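In this note's numbering, the protein residues as written are 3 to 454.
Ideal Cβ placement from N, Cα and C applies to all residues, glycine included.
Bear in mind the structure is a predicted one, so any value in this text is a computation, not a measurement.
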Ligand SMILES: [Zn+2]
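Listed below in structure tokens is the structure:
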């Protein structure tokens with residue numbers, strides 16, 4: 003962590019994060035307005051004019067803007083105020099107390115993503131305090147509802163108040179946590195994410211007595227076939243641009259894996275077999291890459307039957323289908339229906355629970371270059387790679403409206419990455435004060451350099 007550009011911010015950013023954690027924004031219900039008010043007061047003391055936009059009572063998002071000269075495109079520092087639930091009984095500390103101990107800040111949101119709210123607040127505050135001459139506007143938006151899909155947060159803002167938040171460039175969560183490689187740390191920058199199709203399928207049959215099964219048409223048996231077809235479906239391998247760049251970059255970082263990554267890159271048609279081989283040596287890595295190479299379908303819920311001796315006429319199941327950037331919902335539904343032709347489409351009905359496509363941003367921008375430059379100065383010899391995430395963030399709303407979005411929450415791992423990721427929506431979520439300082443520094447330097 004070499005260039006200490008900003009010193010003595012550790013106390014301030016730590017306290018700010020602890021205060022943010024203490025306001026419980028578990029979604030549902032969210033109650034983000036309270037936190038938005040807190041930030042408005044905090045920034046108000048620093049001379050910022052802020053605005054809170056509510057999509058519904060209590061569901062507030064906070065926005066503030068530092069004006070630039072207009073010579074450069076504007077940049078949005080995006081974050082979400084809400085968090086997922088935490089059961090205090092499972093934690094070693096109160097998840098909503100903002101406990102600071104042993105060099106860590108503990109609490110729900112410590113990582114996802116109140117730490118980044120704190121970093122982004124520090125960034126705008128320091129830009130102003132240091133009198134940085136901005137060539138473009140820097141906008142900060144801390145929004146509601148990301149953990150429940152973002153429709154009443156970032157989605158609402160873009161649909162109803164686009165002029166307040168839209169920027170050609172966006173920095174958000176979804177990437178930035180370095181992982182170790184043979185050659186040192188690699189920082190993944192999230193440039194793409196998969197889309198979601200949550201599908202409820204209902205199977206119809208005719209009821210009957212369990213003792214004379216042949217006289218009935220068992221909906222469970224029909225659903226069994228649906229699950230078999232969809233759950234075991236191997237979709238076609240497609241490498242999106244981000245994955246190609248990721249595989250190439252990862253090959254450079256690890257001599258031992260270089261051959262595997264080159265092989266994967268050159269042979270999309272054999273990807274399953276190559277990944278099966280890799281899994282024998284490094285299962286975690288293989289299963290990390292596999293869902294990034296194709297659309298996936300996972301059966302996740304099932305319900306059917308009412309009584310031990312009644313053959314059910316109804317059964318429903320939910321499927322979590324994740325599609326690649328570039329694949330559409332319509333073509334995916336057509337594909338699924340095609341797979342189920344023999345099961346009898348007339349006895350099946352389909353309902354969307356959630357459906358939206360994936361998204362991808364180019365790496366050929368000045369912002370991506372600046373991020374790379376800054377990281378290499380902070381962590382000499384590190385690798386930087388674009389990455390495609392299997393889950394979604396609010397970046398999708400902005401990418402859909404033409405913004406270039408990067409998931410960049412800069413952090414150095416202080417324990418194995420799978421441990422860290424488990425804490426995110428899990429137990430004893432925490433962040434080191436060292437990372438808060440590192441993240442603030444790296445973000446500040448990126449924004450300062452790109453915007454001035
Ligand atoms: Zn998050």
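Going by Cα to Cα distance, which pick from 108, 32, 58, 194 is closest to residue 425? Here residue 425 corresponds to residue number 423 of the chain shown, with the count starting at 1. Out of 108, 32, 58, 194, the CA that lies nearest to the CA of residue 425 is found in 108.
Drop a sphere of 10 angstroms on the beta-carbon of residue 431, count the other beta-carbons inside from all chains shown, and report buried for 16 or more, exposed for fewer. Against the chain shown, residue 431 aligns to sequence position 429. Its Cβ being crowded by 16 or more others within 10 Å, residue 431 is buried.
Cβ contact (3+ pairs, closer than 8 angstroms) linking the region 56 to 69 and the region 33 to 41: Cβ pair count under 8 angstroms is three or more, so yes.
Between 40, 174, 206, which has its C-alpha nearest residue 395's C-alpha? Along the chain shown, read from residue 1 onward, the residue named residue 395 stands at position 393. Residue 395 has its Cα closest to that of 174, out of 40, 174, 206.
Endpoints, the beta strand (DSSP E) within which residue 391 is located: Stepping through the chain shown from its first residue, residue 391 is reached at position 389. 385 to 391 is the extent of the beta strand (DSSP E) around residue 391.
Considering only the beta carbon of each residue, do residue 203 and residue 319 sit closer than 8 angstroms? Taking the chain shown and counting its residues from 1, the one referred to as residue 203 is at position 201. Taking the chain shown and counting its residues from 1, the one referred to as residue 319 is at position 317. In contact: residue 203 and residue 319 (Cβ atoms closer than 8 angstroms).
To the nearest angstrom, report how far apart residue 340 and residue 351 are at their CA atoms. The residue given as residue 340 occupies position 338 in the chain shown. The residue given as residue 351 occupies position 349 in the chain shown. Distance between the alpha carbons of residue 340 and residue 351: 14 angstroms.
Are there 16 or more other CB atoms within 10 angstroms of the CB of residue 402, so buried, or fewer, so exposed? Indexing the chain shown from 1 puts residue 402 at position 400. Residue 402 counts as exposed, since fewer than 16 other C-beta atoms from the protein chains shown sit within 10 angstroms of its C-beta.
Ignore the nearest five residues each way along the sequence and tell me which others in residue 377's own chain have a CB closer than 8 angstroms to its CB. What you label residue 377 is simply residue 375 of the chain shown in a count that begins at 1. The answer, listed in chain order, is 189, 384, 386, 412, 444.
Between residue 163 and ligand 1, is the CB less than 7 angstroms from at least one heavy atom? Translated into positions along the chain shown, residue 163 becomes position 161. Not so, every heavy atom of ligand 1 lies at least 7 angstroms from the Cβ.
Roughly how many angstroms separate the alpha carbons of residue 24 and residue 38, rounded to a whole number? On the chain shown, position 22 is the one that residue 24 refers to. On the chain shown, position 36 is the one that residue 38 refers to. Each residue's Cα considered, the two are about 13 angstroms apart.
Cβ atoms of residue 87 and residue 1: under 8 angstroms apart, would you say? Beyond the ends of the chain as shown, which are 3 and 454, falls residue 1; an answer cannot be given.
As a quick exercise: from 229, 397, 95, pick the residue whose alpha carbon is nearest that of residue 407. The sequence position of residue 407 within the chain shown is 405, counting from 1. Ranking 229, 397, 95 by Cα distance to residue 407 puts 397 first.
Is any heavy atom in ligand 1 found nearer than 7 angstroms to the beta carbon of residue 147? For the purposes of this step, residue 147 is identified with residue 145 of the chain shown, where counting begins at 1. Answer for residue 147: no, Cβ out of range of ligand 1.
Cα-Cα separation between residue 347 and residue 206, rounded to whole angstroms: The residue labelled residue 347 in the question sits at position 345 within the chain shown. The residue labelled residue 206 in the question sits at position 204 within the chain shown. Going from the Cα of residue 347 to the Cα of residue 206 covers about 10 angstroms.
In the DSSP assignment, the alpha helix (DSSP H) including residue 192 goes from what residue to what residue? Start at 1 with the first residue of the chain shown, and residue 192 comes out as number 190. Residue 192 -> not in any alpha helix (DSSP H); beta strand (DSSP E) instead, spanning 186 to 195.
Alpha carbon to alpha carbon, how far is residue 142 from residue 122? As a working note, residue 142 is residue 140 in the chain shown. As a working note, residue 122 is residue 120 in the chain shown. Spanning the two alpha carbons is a distance of roughly 7 angstroms.
From 170, 342, 22, 291, residue whose alpha carbon lies closest to that of residue 453: Here residue 453 refers to the residue found at position 451 when the chain shown is read from its first residue. Selected option, being the one with the closest Cα: 170.
Quick one: does the C-beta of residue 413 sit closer than 7 angstroms to a heavy atom of ligand 1? By one-based count along the chain shown, residue 413 stands at place 411. Every heavy atom of ligand 1 is 7 angstroms or more from the Cβ of residue 413, so no.
Inspect the beta-carbon positions of residue 262 and residue 280 and report whether they are closer than 8 angstroms. Indexing the chain shown from 1 puts residue 262 at position 260. Indexing the chain shown from 1 puts residue 280 at position 278. Between residue 262 and residue 280, the C-beta gap is smaller than 8 angstroms, which places the two residues in contact.
Evaluate the contact criterion for the region 179 to 199 versus the region 353 to 372: three or more CB pairs, one atom per stretch, below 8 angstroms. Of all C-beta pairs linking the region 179 to 199 to the region 353 to 372, three or more are shorter than 8 angstroms, placing the two stretches in contact.
For residue 142, the residue or residues it bridges with in DSSP: Looking up residue 142 in the chain shown gives position 140. DSSP links residue 142 through a beta bridge to 66, 79.
Neighbourhood of residue 311 by C-beta, 7 angstroms cutoff - its chain only, sequence neighbours within 5 removed: Looking up residue 311 in the chain shown gives position 309. Once the five neighbours on either side are set aside, the close Cβ partners of residue 311 are 211, 212, 213.
If you run the structure through DSSP and keep just helix, strand and coil, what is residue 4? For the purposes of this step, residue 4 is taken as the residue at position 2 of the chain shown. Any reading at residue 4 needs caution, since the residue's pLDDT is 42, under 50, leaving its predicted position unreliable; the model's value is listed next. In the structure shown, the three-state DSSP call for residue 4 is coil.
Using 8 angstroms for Cβ pairs, my map puts residue 1 next to residue 85. What's the rounded Cβ distance? No information on residue 1 is available, as it lies outside the stretch 3 to 454 that the chain covers here.
Local conformation of residue 413 per DSSP, three classes: Residue numbering aside, residue 413 sits at position 411 when the chain shown is read from its first letter. Here residue 413 sits in strand by DSSP.
Tell me which residues share the same chain as residue 181 and place their Cβ nearer than 8 angstroms to its Cβ, disregarding the 5 neighbours each side in the sequence. Residue mapping note: residue 181 aligns to position 179 of the chain shown, counting from 1. Cβ neighbours of residue 181 beyond the five flanking positions: 187, 188, 190, 415, 419.
Comparing alpha-carbon positions, which option in 54, 297, 113, 50 lies nearest residue 19? What you label residue 19 is simply residue 17 of the chain shown in a count that begins at 1. Here the closest residue by C-alpha is 113.
What are the uninterrupted segments assigned as beta strand (DSSP E) that are 3 or more residues long and contained completely in the region 325 to 373, given in chain order? DSSP runs (the beta strand (DSSP E)) wholly in the region 325 to 373: 350 to 358.
Beta carbon of residue 219: closer than 7 angstroms to some heavy atom of ligand 1? On the chain shown, residue 219 is found 217 positions in, with the first residue counted as 1. The beta carbon of residue 219 sits no closer than 7 angstroms to any heavy atom of ligand 1.
Would you check if the region 127 to 144 and the region 67 to 85 touch, i.e. whether three or more CB-CB distances between them fall below 8 angstroms? Yes, the region 67 to 85 is in contact with the region 127 to 144.
Rounded to whole angstroms, how far is the Cβ of residue 409 from the Cβ of residue 176, which I believe are closer than 8 angstroms? Residue numbering aside, residue 409 sits at position 407 when the chain shown is read from its first letter. Residue numbering aside, residue 176 sits at position 174 when the chain shown is read from its first letter. About 3 angstroms; that satisfies the 8 angstroms criterion.
Assuming the contact rule is C-beta atoms closer than 8 angstroms, residue 301 and residue 232 should be a hit. Round their C-beta distance to whole Å, please. Along the chain shown, one-based indexing puts residue 301 at 299. Along the chain shown, one-based indexing puts residue 232 at 230. Contact flag correct, Cβ pair sits at about 7 angstroms.
In chain order, what residues of the same chain lie with their CB nearer than 6 angstroms to the CB of residue 166, ignoring the 5 residues before and after it? For the purposes of this step, residue 166 is taken as residue 164 along the chain shown, with counting starting at 1. Around residue 166, the same chain offers 65 as residues with beta carbons nearer than 6 angstroms, after the five sequence neighbours per side are excluded.
Check for me: the beta strand (DSSP E) holding residue 442 runs from which residue to which? Residue mapping note: residue 442 aligns to position 440 of the chain shown, counting from 1. Counting along the chain, no beta strand (DSSP E) covers residue 442; the unbroken alpha helix (DSSP H) around it starts and ends at 435 to 453.
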